[in-house]
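Numbering (UniProt numbering), first residue to last: 1 to 258. Below is one structure, written out as structure tokens, with a few remarks after it.
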Amino acid sequence: MQNNTMLPIWVKGALLMAPVAVVAVVMGGAAWHARQQSIHQQQHLAPATHIQPADYQKGSYPSFKHLNTIPMIPMRDAQQAQDASNHSLSQGVTKKNKNASAASEEQPEITEEAIKQAITQAKHARTQQRTEKPSQVQQGDDALSHLDMSKLSPSLQSRVEAALKGEHNARKQGESQDAMDIRQHITEFSGQLPPLNFQSHVYTTDVVRRWIKVNGVEYRQGDNIGSNIQLLDIKPQSTVIKFKGKLIEIPALYDWKG
1 MQNNTMLPIW VKGALLMAPV AVVAVVMGGA AWHARQQSIH QQQHLAPATH IQPADYQKGS
61 YPSFKHLNTI PMIPMRDAQQ AQDASNHSLS QGVTKKNKNA SAASEEQPEI TEEAIKQAIT
121 QAKHARTQQR TEKPSQVQQG DDALSHLDMS KLSPSLQSRV EAALKGEHNA RKQGESQDAM
181 DIRQHITEFS GQLPPLNFQS HVYTTDVVRR WIKVNGVEYR QGDNIGSNIQ LLDIKPQSTV
241 IKFKGKLIEI PALYDWKG
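Structure follows, in structure tokens:
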């Protein structure tokens, strides 16, 4: 009776792979040993060098006898040439100054008295801002537009600019002081002043770039909000409007229900 006992599959696989593993180990060890021997031999070999003699020739020291000498200019001739150059330059500057003087004589002279008179006209026109139309008030702002400020001396220009700036700041400050805080006059304007929802408030040092958004519409200084409301001034924390001849100051982002 024969024994039909079968070996497991992994045992059969191990028996088949064992010779292959032994051969691989032997071959790897032989290759590593051969590599080590090659490195050892290269370390003990003498370096291969080849010395090639260089051919050269020693020349003689250079000679500079063939070079030309620079002629010396006498000091008196050099001074005369410098004087001639300075004379031509001075003539050109004199001619330029004469042309500038002739051009300035053709234009009307701007005196300090004329500037004072123009400033007075501007101030007089601005004092009538509450009663005159915007087109008439604009004449006061343009009272100095016909004057060429570039013809004035720097000191006079600074005086004119300081006078205009001081008058403008004084007017703005006076209007702001006269304005009534709407929070302190709620009863007075309830039912009269239409609803105003201040949704955005942008203030910069540049007047042209200031703007606010009221009831979904953007306005700038000088614009009319409706028929009876005029936007006079946009301040850092509030807005000044004119309603039926009265100046009202409203805080920024304030929601006036009417």
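Glycine is no exception: its CB is placed at the ideal position from the N, C-alpha and C atoms.
Lys-12 carries a helical assignment under DSSP once its states are collapsed to helix, strand and coil. Taking the Cα positions, Leu-231 is about 31 Å away from Arg-159. Under the 8 Å Cβ criterion, the stretch 189-205 counts as touching the stretch 213-221, having at least three qualifying pairs.
Put simply, the backbone Cα of Trp-32 is about 19 Å away from that of His-44. Following the DSSP letters along the chain, one finds Phe-189 inside the alpha helix (DSSP H) bounded by residues 186-189. Closest option to Glu-249, judged by alpha-carbon separation, among Lys-235, Ala-179 and Pro-47: Ala-179.
For His-201, the enclosing beta strand (DSSP E) starts and ends at 196-202. Contact between Arg-210 and Ile-234 holds: their C-beta atoms lie close to 4 Å from each other, under 8 Å.
Between Asn-224 and Phe-243, the C-beta spacing is not below 8 Å.
Here His-201 is buried. Its C-beta has 16 or more other C-beta atoms within 10 Å. Comparing C-alpha distances from Ile-241 to each of Val-208, Pro-19, Phe-189 and Asp-206 shows the shortest one belongs to Phe-189. The beta carbon of Pro-47 sits closer than 7 Å to no other beta carbon from its chain once the five residues preceding and following it are set aside.
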